[in-house]
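Numbering (the working numbering), first residue to last: 6 to 362. Idealized CB from N, CA, C, for every residue including glycine. For clarity, every value in this text was computed on a predicted model and none was experimentally measured. Read the structure below first, then the notes.
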Amino acid sequence: EAKGRDELITIATALGGKPASRARKAEIVELILDLASGGASSSAKTEESSVNTEESAKDTAIGDQEGTTDTKEEPLADWEVDLKNESEEESKDDDPVKSVKSENSDSSSKSRTTSSKDYESRNSSNNREKRSNDYTEPGNRRRRRRGRGPEGQDDSWDGDPVSIEGYLDLRNEGYGFLRTTGFRPSKQDAYVSVKQVKQFDLRRGDYLVGGARPANRSEKNPALLRLDTVNGNPPEDALTRPHFEDLTPLFPDERLNLELAADPSNMTARIVDLLSPIGKGQRGLIVSPPKAGKTTIMKQIARSIETNNPEVKLIVLLVDERPEEVTDMKRWLINGEVAASTFDRPAEEHTAIAEVT
């Protein structure tokens with residue numbers, strides 16, 4: 006124990022070994038014991054632990070071989086036994102320190118992982134609370150901006166509904182729009198939800214009267230809130246209506262008189278009454294070359310129907326006509342309506358207006 010590192014290096018050199026320049030005291034002692042006992046296994050360990058180059062390792066191996074040949078059968082001296090015991094005690098003292106360090110590192114790593122998991126769980130819970138508050142708090146800015154809750158329901162409107170009426174134009178998805186300025190789309194059209202359509206069995210072309218609320222900031226059209234009448238009848242009566250496909254076709258049995266007593270010079274109406282009378286539910290076809298007066302005949306028939314039969318709801322449908330003829334027909338009628346799609350409009354609009362009427 007009293008020997009220093011330099012003395013140990015001297016002893017190892019005398020025995021034929023060459024310790025590394027950075028070798029620890031315990032390593033030098035092991036080298037001396039290996040040289041004294043002739044063990045080949047401990048010399049291999051000394052070679053691995055040394056940080057010298059390959060040349061120093063080779064020199065050490067050569068020194069080990071020489072030492073083993075010279076001192077193969079010599080017994081250990083007293084000072085060699087003391088050095089061996091000292092090295093064993095130092096190795097025992099180093100092992101618990103290493104184990105304590107490893108235990109401390111494992112515990113610190115576990116604590117770090119648990120703390121990170123706790124932090125992530127707290128963040129996830131906070132995010133869930135934020136999302137839930139977006140829908141539960143009525144005064145939340147995000148909900149006011151969207152205007153809808155988690156189930157897509159509209160916010161309640163406290164104002165008085167505005168009276169509205171028009172023809173219903175249904176879409177294939179089930180909802181529809183109430184055309185308020187005629188039969189063509191406009192910004193004043195009211196949205197009719199799928200629930201309202203199914204509740205009252207509404208159909209395309211129904212004339213609805215009810216109340217609507219203005220559009221929100223995120224909406225384009227007003228929304229129908231209240232339904233008062235369907236085609237002039239209570240909404241409950243619409244549930245018992247038969248479908249057109251289920252009706253029984255019959256010949257017309259109610260005649261529409263076209264001859265006007267106040268206008269005896271109107272020969273068109275008198276000739277139609279004599280040659281091809283028109284009744285309720287009648288279908289007719291006018292065939293003639295261009296510029297022969299088809300539009301004039303239609304105008305005379307429409308004026309006669311609305312004059313002699315005020316109980317009839319008159320709608321004149323003009324598809325692929327000139328805009329001038331549409332304007333002329335609107336000015337000619339007294340109480341009737343004109344549903345028109347001129348020739349400059351797409352074919353899809355022609356079909357849509359024909360289906361609504």
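Item	Value
Let's see if you can read the secondary structure: which residues bound the alpha helix (DSSP H) around S309?	K299 to N313
So, G22 versus L40, is the Cβ gap smaller than 8 angstroms?	yes
Can you grab the Cα-Cα spacing for the pair L323 / R275, in whole Å?	24 angstroms
Can you check which of these residues, D325, I320, S281 and K203, is closest to K335 by C-alpha distance?	I320
Among K285, V277, D206 and V197, whose alpha-carbon lies nearest the alpha-carbon of P247?	D206
S42 by DSSP, collapsed to three states: which one?	helix
If you reduce the DSSP assignment to three classes, tell me which class R275 lands in.	helix
Assuming L232 and A195 are in contact, meaning their beta carbons sit under 8 angstroms apart, how far apart are those beta carbons, in whole angstroms?	Not really, about 11 angstroms apart at Cβ, beyond 8 angstroms.
In three-state terms, what does DSSP make of D251?	helix
When the Cα atoms are used, what is the spatial distance from D165 to N177?	31 angstroms
What would DSSP say about E342, mapped onto helix, strand or coil?	strand
Can you give the Cα-Cα distance for A359 and R189, rounded to whole angstroms?	11 angstroms
Within 10 angstroms of its Cβ, does V235 collect 16 or more other Cβ (buried), or is it exposed?	buried
CB-CB under 8 angstroms to T185, same chain, minus the five flanking residues each way: which ones, in chain order?	I169, E170, G171, S191, Q193, D194 and A195
For V214, which of helix, strand or coil comes out of DSSP?	strand
Give the straight-line distance between the Cα atoms of S42 and T15, rounded to the nearest whole angstrom.	18 angstroms
Just to confirm, are L261 and G286 a CB contact at a threshold of 8 angstroms?	no
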